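Take a look at the structure below.
Encoded structure:
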């Protein structure tokens, strides 16, 4: 078994703000295997960025440490820096610089020979749709183009581990999907481990293989998005009937199929939140049918990571990051199984 | 240990990193040299609109330019390198500075490379001003020009470093950066005898000027362009510039080490 590419042990960061001590990150301990695509999901202020800044050697932890790509962030920061790519929350390119110049300078910073840097810059501009913008200054780029350049800069030295801090914040849905396609392609091609932070549910849900939910400086859940949803939230399965009597009888029939509570949604419908609702739904319809009940409607809505966050914290991500822009969740009305 | 095939052995190396930072900083200047000329508008106004007033007082164009042009060159350095921290501050706010902090670069190189970059526009701009002044009776000693430009370069590196230091210290508060910068730059300029001789002013002004490094650099430039290379003010000019450069680089390197 190869050693994990990232190992955090008790990482903690305290800031002093107006004489009060704020613990931004508390006792962060986890490992990431090579080649993974891992997301920190949480509201703004959860400690995601602070964690990332410690892991990328930008700020020292108050206590604890981490090994990143085989080196300790405290004792060998220069080795860590040489082996990671970092795409921060803001624009990585300097506004006065031209796109290609900035990429080649970045290559030089990482000790790449000139010819290699040129070749790599052209390759990345090609694969990130920046080739036609090579001589534009960063200032002249659109938001999506700037973000693609940020990713190109982060990938210039072909790092085995790429950190992305809120990679698609501020992008329109199309640019976001486009950026992700590029990240996934590059990952498939080079086997890069990708570690990102996001407050977009959909982003973590769709792309990450593993989601660490963060709240108030702690990781409160750590699993695949599917497992988190199944274990912590479950599918919302609803059955509709013609009369309240039918619904009464249906409640007991469905209850015999699941250990979860079957509730009345309204006069003539019952609802149950269950893991593997996709299996429960047809089984329940058959059982109800056999009991002589006519099922008029049956719907199964898969849970979102927001439901997971709600189950864990009693708050929705939106409430937790109040005032911050979040998107509406596109998976809300999808049918079971359609989103993964 | 097992690592990926391309295991980079990149270690911070001050000389190489400084060179890389310097060449990166010069790229926009090389790509768009007009920006260097464009920032000459202010000194050109002083040369075109202020110098005639001085000449009107003295009645001797040649002698007045001989006195005034070296001051204009120092003014270019003062305003150009004095404001250069604003660029770094902008990069600190947009995120590109943070990106370079994650790169395996010696921290000091980010400051020293930037400070050295200031030399390029100083030389180009000075030569343009000198070329413009020549047809109007400005005379110069070629040897003095070379030493004078070198002095301006050292002075500019010092002032630029201090400007970067101010940017690193004021962080994202750009109003504070510009407030401090403007508060310092105008008294320094007037009390250097750059625009008008201080002889006619009150005694305290001369006293302040005596400890204003800018004043010594201005006087040294005047002596150098006139070919009076052995004048003691040349020595004081160099001492001022070197002390300023050492102080600026020291403060800047300290500030950048603390900047994350």
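Residue numbers (the numbering used here), protein chains in the order written: chain A, 1 to 340; chain B, 341 to 600. Note that beta-carbon positions come from the ideal geometry of N, C-alpha and C, so glycine has one too. Predicted, not measured: the structure shown is a model, and the values here were computed from it.
Cβ-based contacts, 7 Å cut-off: residues of the region 361-372 of chain B near chain A: Residues passing the 7 Å Cβ filter: 364, 367, 368 and 371.
Residue 453 (chain B) CB to nearest chain A CB: under 8 Å? Residue 453 (chain B) does not count as touching chain A.
Using C-beta distances below 6 Å, list every residue in its chain close to residue 325 (chain A), excluding the 5 sequence neighbours before and after it, in chain order. Residue placement at residue 325 (chain A) is poorly supported in this model, since its pLDDT is 37, which falls under 50; the coordinates are not used for a value here.
Using a Cβ-Cβ cut-off of 8 Å, state whether residue 108 (chain A) counts as contacting chain B. With respect to chain B, the C-beta atom of residue 108 (chain A) has a partner C-beta closer than 8 Å.
From this set, B:585, B:438, B:392 and B:374, which residue's C-alpha is nearest residue 153 (chain A)'s C-alpha? When only C-alpha atoms are compared, the closest one is B:438.
Pick out the complete alpha helix (DSSP H) segments inside the region 404-467 of chain B, 4 residues or longer, and give them in chain order. Listed in chain order, they are 425-434, 436-442 and 447-457.
Minimum C-alpha distance to residue 209 (chain A) - residue among A:26, A:217, A:3 and A:39: Closest option to residue 209 (chain A), judged by alpha-carbon separation, among A:26, A:217, A:3 and A:39: A:39.
Whole angstroms are fine: how far does the CA of residue 5 (chain A) sit from the CA of residue 194 (chain A)? Per the coordinates, the alpha-carbon of residue 194 (chain A) lies some 11 Å from the alpha-carbon of residue 5 (chain A).
May I have the straight-line CA-CA distance separating residue 331 (chain A) from residue 173 (chain A), to the nearest angstrom? Because residue 331 (chain A) sits at a pLDDT of 31, beneath the cut-off of 50, its placement in the model cannot be relied upon, and the following sentence gives the value as read from the coordinates. Those two C-alpha atoms are separated by around 14 Å.
I'd like the list of long-range same chain contacts for residue 553 (chain B), defined as Cβ closer than 6 Å, with 5 residues on each side in sequence excluded. Counting only Cβ-Cβ distances below 6 Å, and skipping sequence neighbours, we find 580 and 584.
Residue 440 (chain B) touches chain A at which residues, Cβ-Cβ below 8 Å? What residue 440 (chain B) touches in chain A: 109.
Kindly identify the DSSP beta-bridge partner or partners of residue 84 (chain A). According to DSSP, which records beta bridges pairwise, residue 84 (chain A) is partnered with A:161.
Taking C-beta to C-beta, are residue 224 (chain A) and residue 299 (chain A) nearer than 8 Å? Cβ atoms of residue 224 (chain A) and residue 299 (chain A): not closer than 8 Å.
Going by the DSSP bridge assignment, what does residue 66 (chain A) pair with across the sheet? The partner list for residue 66 (chain A) (beta bridge, DSSP) reads A:8.
Quick check on residue 500 (chain B) - is its C-beta less than 8 Å from some C-beta in chain A? Cβ-Cβ to chain A under 8 Å: no for residue 500 (chain B).
Decide if the region 212-228 of chain A is in contact with the region 26-43 of chain A; the criterion is three or more beta carbon pairs, one per stretch, under 8 Å apart. With the cut-off at 8 Å, the region 212-228 of chain A and the region 26-43 of chain A touch.
Do you know whose CA, among A:77, A:124, A:87 and A:133, lies nearest residue 98 (chain A)'s CA? Of A:77, A:124, A:87 and A:133, the residue nearest in Cα terms is A:133.
Rounded to the nearest angstrom, how far is the Cβ of residue 19 (chain A) from that of residue 197 (chain A), given a contact under 8 Å? The beta-carbon distance between residue 19 (chain A) and residue 197 (chain A), rounded to whole angstroms, is 29 Å. This is too long to meet the 8 Å contact definition.
Is there a Cβ from chain B that is less than 8 Å from the Cβ of residue 200 (chain A)? For residue 200 (chain A), the answer is no, since every Cβ of chain B falls outside 8 Å of its Cβ.
For a quick check, are the C-beta atoms of residue 383 (chain B) and residue 476 (chain B) less than 8 Å apart? Contact: no.
What did DSSP end up calling residue 339 (chain A) once you bin it into helix, strand or coil? Confidence at residue 339 (chain A) is low in this model, with a pLDDT of 33, below 50, so its placement is unreliable and no value can be given for it.
At a Cβ threshold of 8 Å, is residue 130 (chain A) touching chain B? Using beta-carbon distances, residue 130 (chain A) does not count as an interface residue toward chain B, since no partner is under 8 Å.
For residue 89 (chain A), three-class secondary structure by DSSP: In this structure, residue 89 (chain A) counts as coil in the three-state DSSP scheme.
So, helix, strand or coil for residue 220 (chain A), using DSSP? Of the three classes helix, strand and coil, the one that applies to residue 220 (chain A) here is strand, per DSSP.
What does a CB cutoff of less than 6 Å around residue 323 (chain A) pick up in its chain, not counting 5 residues either side in sequence? For residue 323 (chain A), the predicted model reports a pLDDT of 42, less than 50, meaning its position is unreliable and no value from the coordinates is stated.
Does the distance from the CB of residue 309 (chain A) to the CB of residue 269 (chain A) come in under 8 Å? Between residue 309 (chain A) and residue 269 (chain A), the C-beta gap is not smaller than 8 Å, which leaves the two residues out of contact.
Note down the Cα distance separating residue 135 (chain A) from residue 435 (chain B), rounded to an integer number of angstroms. Using only the alpha carbons, I get a separation of about 21 Å.
Closest to residue 392 (chain A) by C-alpha separation, out of A:159, A:29 and A:304, would be which residue? Nothing about residue 392 (chain A) can be read from this structure; chain A reaches only from 1 to 340.
Check whether the region 78-92 of chain A touches the region 113-127 of chain A, taking contact to mean three or more Cβ pairs, one atom from each stretch, closer than 8 Å. No, because fewer than three Cβ pairs between the region 78-92 of chain A and the region 113-127 of chain A fall closer than 8 Å, the two stretches do not touch.
Are any of the Cβ atoms in chain B nearer than 8 Å to that of residue 81 (chain A)? Taking Cβ atoms only, chain B reaches closer than 8 Å to residue 81 (chain A), which makes this a yes.
Entirely enclosed beta strand (DSSP E) segments - the region 160-246 of chain A, minimum 3 residues: Here the runs fully enclosed are 161-165, 193-198, 210-215, 218-223 and 235-240.
Determine whether the Cβ of residue 96 (chain A) lies closer than 8 Å to any Cβ atom of chain B. Closer than 8 Å to some Cβ of chain B, the Cβ of residue 96 (chain A) qualifies, so yes.
Count the other CB atoms within 10 Å of the CB of residue 77 (chain A); is the residue buried (16 or more) or exposed (fewer)? Label assigned to residue 77 (chain A): buried.
Closer than 9 Å by beta-carbon distance: list the chain B residues that pair up with residue 47 (chain A), in chain order. Those do not exist, as residue 47 (chain A) stays about 18 Å from chain B at its closest Cβ, beyond 9 Å.
Could you name the residues of the same chain whose beta carbon sits closer than 7 Å to that of residue 328 (chain A), not counting the 5 residues immediately before and after it, in chain order? Note that residue 328 (chain A) scores 34 on pLDDT, short of 50, meaning its location in the model is unreliable; the coordinates nonetheless yield the value given after this. Taken in chain order, the list of residues that qualify is empty.
The region 525-537 of chain B contacting the region 408-421 of chain B, beta-carbon criterion three pairs below 8 Å: With a cut-off of 8 Å, the region 408-421 of chain B and the region 525-537 of chain B count as touching, because enough Cβ pairs lie within range.
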